[in-house]
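To convert, count from 1 in the sequence shown and add 2; that's this note's numbering. First up is the structure itself, then whatever we jot down about it.
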Amino acid sequence: MKLKNISFYTWILLAFLVAGIVSGLLLVKERHYIEAQQEQIENIIDYDGLLRANAYEKRSLGEAIASAKESGITALAIYDRTLQKETDAGHIRMYTS
């Protein structure tokens, strides 16, 4: 295959392909560097899941958090609250008319 027969758009496509591969390799290198610097692993549990398990086991929130900490949980994931989640957790009651 002669290089003169390759169209202009093929060269553009090859340039984008090379740029994508190079940028991908740079991102992989950066991620490897960041992960190599980490000395501990974070164990995260969903706060809503902890509340639901707490309601099922009928124990105080303090006991549930202490038990999670003893199990190796280092952080809690907190999300925005909706009325349905607040109702499920027992924090509010919804009345309809």
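By construction, the Cβ of each residue, glycine as well, lies at the ideal position given by its N, Cα and C atoms. Only a predicted model underlies this, so the values are computations on that prediction, with no experimental measurement involved.
Asked	Found
Of the listed residues G26, I94, I80, nearest to Q86 (C-alpha basis)	I94
Sequence-distant residues of the same chain with beta carbon closer than 6 Å to D48, five excluded per side	A79
Minimum C-alpha distance to A77 - residue among A68, T84, R83	A68
Cβ-Cβ separation, A57 to G92 (assumed contact under 8 Å), whole Å	7 Å
Counted within 10 angstroms of its Cβ, other Cβ atoms place A17 as buried (16 or more) or exposed	exposed
Given I46 as reference, the closest of G74, T84, I14, V30 once Cα atoms are compared	G74
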